[in-house]
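Heads up: the structure comes next, in structure tokens.
In this note's numbering, the protein residues as written are 53 to 133.
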């Protein structure tokens with residue numbers, strides 16, 4: 053961390069991870085275009101610096117899908133459920 057600052061910033065994470073600030077931004081904001089290996093390095097660097105941001109959790113994300121069925125009793129639909 054630079055002197056006079058109490059919190060880690062994107063530049064600090066970038067320096068520790070050995071990447072550019074834009075790469076850190078892409079990883080932390082889930083913009084893509086970053087290799088999984090690089091993304092892991094950035095996330096680990098952010099954790100080491102105790103960066104106070106919500107870090108992506110790609111493997112623990114839940115997705116909710118709602119479906120409206122016109123004929124829920126149809127045999128095809130019954131096999132899907």
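Heads up, the beta-carbon is just placed ideally off N, CA and C, and yes, glycines get one too.
Q. Would residue 94 pass as a contact of residue 74 if the rule is Cβ separation under 8 Å?
A. no
*Between the beta-carbon of residue 121 and the beta-carbon of residue 115, is there less than 8 Å?*
no
- State yes or no: is the C-beta of residue 80 within less than 8 Å of the C-beta of residue 60? no
* Asked: According to the neighbour-count rule (16 or more other Cβ atoms, all chains shown, within 10 Å of its Cβ), is residue 132 buried or exposed?
  -> exposed
Find out if the Cβ-Cβ distance for the pair residue 77, residue 62 is shorter than 8 Å.
yes
Just verifying my parser: in three-state terms, what is the DSSP assignment at residue 99? helix
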